[in-house]
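Protein chains: 4
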Amino acid sequence: MADTITTVATLKDAMRRFVAERDWEQFHSPKNLVMGLAVESAELMEHFLWVENLASRQVVHDATKLGEVADEIADVACYLLALSNSLGIDLSDAIVGKLEKNARKYPVEKCKGRYRVEG
Amino acid sequence: MADTITTVATLKDAMRRFVAERDWEQFHSPKNLVMGLAVESAELMEHFLWVENLASRQVVHDATKLGEVADEIADVACYLLALSNSLGIDLSDAIVGKLEKNARKYPVEKCKGRYRVEG
Amino acid sequence: MADTITTVATLKDAMRRFVAERDWEQFHSPKNLVMGLAVESAELMEHFLWVENLASRQVVHDATKLGEVADEIADVACYLLALSNSLGIDLSDAIVGKLEKNARKYPVEKCKGRYRVEG
Amino acid sequence: MADTITTVATLKDAMRRFVAERDWEQFHSPKNLVMGLAVESAELMEHFLWVENLASRQVVHDATKLGEVADEIADVACYLLALSNSLGIDLSDAIVGKLEKNARKYPVEKCKGRYRVEG
Numbered sequence: 791m792a793d794t795i796t797t798v799a800t801l802k803d804a805m806r807r808f809v810a811e812r813d814w815e816q817f818h819s820p821k822n823l824v825m826g827l828a829v830e831s832a833e834l835m836e837h838f839l840w841v842e843n844l845a846s847r848q849v850v851h852d853a854t855k856l857g858e859v860a861d862e863i864a865d866v867a868c869y870l871l872a873l874s875n876s877l878g879i880d881l882s883d884a885i886v887g888k889l890e891k892n893a894r895k896y897p898v899e900k901c902k903g904r905y906r907v908e909g
Numbered sequence: 791m792a793d794t795i796t797t798v799a800t801l802k803d804a805m806r807r808f809v810a811e812r813d814w815e816q817f818h819s820p821k822n823l824v825m826g827l828a829v830e831s832a833e834l835m836e837h838f839l840w841v842e843n844l845a846s847r848q849v850v851h852d853a854t855k856l857g858e859v860a861d862e863i864a865d866v867a868c869y870l871l872a873l874s875n876s877l878g879i880d881l882s883d884a885i886v887g888k889l890e891k892n893a894r895k896y897p898v899e900k901c902k903g904r905y906r907v908e909g
Numbered sequence: 791m792a793d794t795i796t797t798v799a800t801l802k803d804a805m806r807r808f809v810a811e812r813d814w815e816q817f818h819s820p821k822n823l824v825m826g827l828a829v830e831s832a833e834l835m836e837h838f839l840w841v842e843n844l845a846s847r848q849v850v851h852d853a854t855k856l857g858e859v860a861d862e863i864a865d866v867a868c869y870l871l872a873l874s875n876s877l878g879i880d881l882s883d884a885i886v887g888k889l890e891k892n893a894r895k896y897p898v899e900k901c902k903g904r905y906r907v908e909g
Numbered sequence: 791m792a793d794t795i796t797t798v799a800t801l802k803d804a805m806r807r808f809v810a811e812r813d814w815e816q817f818h819s820p821k822n823l824v825m826g827l828a829v830e831s832a833e834l835m836e837h838f839l840w841v842e843n844l845a846s847r848q849v850v851h852d853a854t855k856l857g858e859v860a861d862e863i864a865d866v867a868c869y870l871l872a873l874s875n876s877l878g879i880d881l882s883d884a885i886v887g888k889l890e891k892n893a894r895k896y897p898v899e900k901c902k903g904r905y906r907v908e909g
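As you go down the protein sequences, you meet chains A, B, C and D in turn. Take the first sequence: its letters are residues 791 to 909, numbered as in this note's numbering. Take the second sequence: its letters are residues 791 to 909, numbered as in this note's numbering. Take the third sequence: its letters are residues 791 to 909, numbered as in this note's numbering. Take the fourth sequence: its letters are residues 791 to 909, numbered as in this note's numbering.
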């Protein structure tokens with residue numbers, strides 16, 4: 791349950807050290823990092839390419855597959871951390887701010903049980 | 791500097807509440823969530839489509855653009871949190887574990903200043 | 791039924807003229823074009839984000855939606871044509887060659903009715 | 791120079807036969823096919839992840855690399871053909887129609903040498 795005690799800054803610092811030790815800041819332009827993020831997102835997506843929605847939920851009962859998926863999720867997260875580091879973005883502020891915007895865009899009374907805003 | 795005091799679990803909980811209030815768990819299959827993640831990654835990427843690597847670094851000096859980019863980064867992060875919730879994955883553990891794997895895959899002495907492992 | 795009489799070269803030429811008239815070859819590096827291709831693929835994907843596989847087949851009965859999807863498909867195709875122009879690749883040769891490789895990789899007797907090679 | 795004599799319909803037919811021989815129409819819902827298309831686009835993008843725009847143009851002088859890239863381009867094209875087959879879309883009509891729309895959206899006098907429409 792590391793998530794309950796790990797701050798976002800701790801993860802950003804771990805990523806920053808990893809990059810600095812390898813002198814990789816020179817490759818970490820925003821353009822390159824968003825490409826890398828999109829590449830990793832697609833690798834994650836490939837795990838669920840041919841299955842039905844319902845079947846995709848079964849991955850939680852398959853420890854091997856779930857581990858592979860967690861690894862791909864971590865790859866996406868690492869690019870997100872590197873990008874936030876590169877741009878000096880506070881990820882928590884950005885997420886909380888976006889959830890507030892989305893709460894206004896998708897009001898509960900119009901969206902409950904629907905994936906689109908109705909009338 | 792919210793990142794220094796915000797745990798990953800806090801962000802996961804905020805996302806979980808947002809989804810539960812709208813009764814959206816029914817749409818949040820892993821298959822749908824990874825598609826959404828890839829769609830948002832591409833929207834983020836679009837901001838850096840035609841610029842050079844060097845020019846893409848200048849976004850830090852353009853507050854308006856940086857805000858738009860932070861919003862897209864938050865969208866990607868929200869899908870990552872929703873996916874971790876849906877699959878019961880501890881994101882911090884996954885990230886730390888992946889950084890350890892990558893440290894072995896990309897040893898400092900072979901990768902310093904290079905984006906590929908050399909001989 | 792334009793597909794029955796239109797060669798790939800005709801489409802490549804139309805794309806080449808569009809780019810040349812705007813003096814856009816300078817932006818059409820392979821790196822930029824593959825990013826654009828991925829962005830357009832994601833826009834196409836967004837049309838099918840929250841629906842079930844079965845429901846996604848119903849788009850053929852919705853002329854408006856089908857038109858929107860055809861437009862997105864065309865966007866992807868345009869980037870593919872621009873990329874082939876930029877790299878001097880014969881698309882037909884590449885496709886036929888890849889289908890032959892895939893026929894060996896996915897032999898009928900092992901793949902019929904399965905999306906993975908079995909045993 | 792197969793592109794000069796190969797119609798789009800010929801390529802669509804080759805793809806249709808490949809799918810039919812394997813009884814794969816059942817997996818070829820639009821939702822699955824657009825996911826596959828996005829996955830292949832990302833694999834293509836990965837080839838140009840860390841390089842500069844200018845350097846990415848050099849791939850035309852590296853026969854091995856160019857062959858790998860052509861293979862990935864063909865993968866994207868195959869999904870595009872399968873999707874057009876699945877939806878009954880005339881690809882040539884869609885492309886020509888989209889180029890006409892884009893010609894109006896990006897008039898030569900406002901776009902020449904610029905990747906955005908100017909005032």
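Built from N, CA and C at the ideal position, the CB exists for glycine as well.
Tell me the DSSP bridge mates of residue i?
i	result
residue 854/A	DSSP lists no partner for residue 854/A.
residue 794/B	Paired residue(s): none; residue 794/B is not in a bridge.
Please go through the same chain and pick out, in chain order, the residues whose beta-carbon is closer than 6 Å to the beta-carbon of residue i, but skip the five residues on each side of it.
i	result
residue 861/A	none
residue 826/B	869
residue 806/B	875
With distances taken between CB atoms, is the gap from residue i to residue j smaller than 8 Å?
i	j	result
residue 859/D	residue 871/C	no
residue 873/B	residue 834/B	no
residue 821/A	residue 875/A	no
residue 849/D	residue 836/A	no
residue 865/D	residue 895/C	no
residue 792/C	residue 793/D	no
residue 843/D	residue 815/B	no
residue 886/B	residue 867/A	no
According to the neighbour-count rule (16 or more other Cβ atoms, all chains shown, within 10 Å of its Cβ), is residue i buried or exposed?
i	result
residue 851/C	exposed
residue 863/A	buried
residue 898/C	exposed
residue 832/D	buried
residue 812/C	buried
residue 795/C	exposed
residue 890/B	exposed
residue 845/D	exposed
residue 853/D	exposed
In chain order, what residues of the same chain lie with their CB nearer than 8 Å to the CB of residue i, ignoring the 5 residues before and after it?
i	result
residue 882/D	798
residue 856/A	849 and 850
residue 904/D	none
Could you pull out every residue in the same chain whose Cβ sits closer than 7 Å to the Cβ of residue i, ignoring the five residues on either side in sequence?
i	result
residue 910/D	Look at the range of chain D in this structure, 791 to 909, and you will see that residue 910/D is not part of it.
residue 884/B	none
residue 838/D	846
At a CB distance below 8 Å, what residues from the stretch 833 to 849 of chain C approach chain A? Give them in sequence order.
Hits within the stretch, in order: 840, 842 and 843.
Taking beta-carbon pairs under 7 Å, can you tell me which members of the stretch 791 to 804 of chain C lie near chain D?
Residues passing the 7 Å Cβ filter: 791, 792, 793, 794, 795, 796, 797, 798, 799, 801, 802 and 804.
In the stretch 811 to 836 of chain D, which residues sit with their C-beta less than 8 Å from some C-beta in chain A, listed in chain order?
Cβ contacts with chain A come from 817, 822, 825, 826, 828, 829, 831, 832, 833, 835 and 836.
Taking beta-carbon pairs under 8 Å, can you tell me which members of the stretch 860 to 892 of chain C lie near chain A?
Shown here is that no member of the stretch 860 to 892 of chain C has a Cβ falling below 8 Å from a Cβ of chain A.
Closer than 8 Å, Cβ to any Cβ of chain A: which residues of the stretch 892 to 904 of chain C, in chain order?
None of the residues of the stretch 892 to 904 of chain C has a beta carbon lying less than 8 Å from any beta carbon of chain A.
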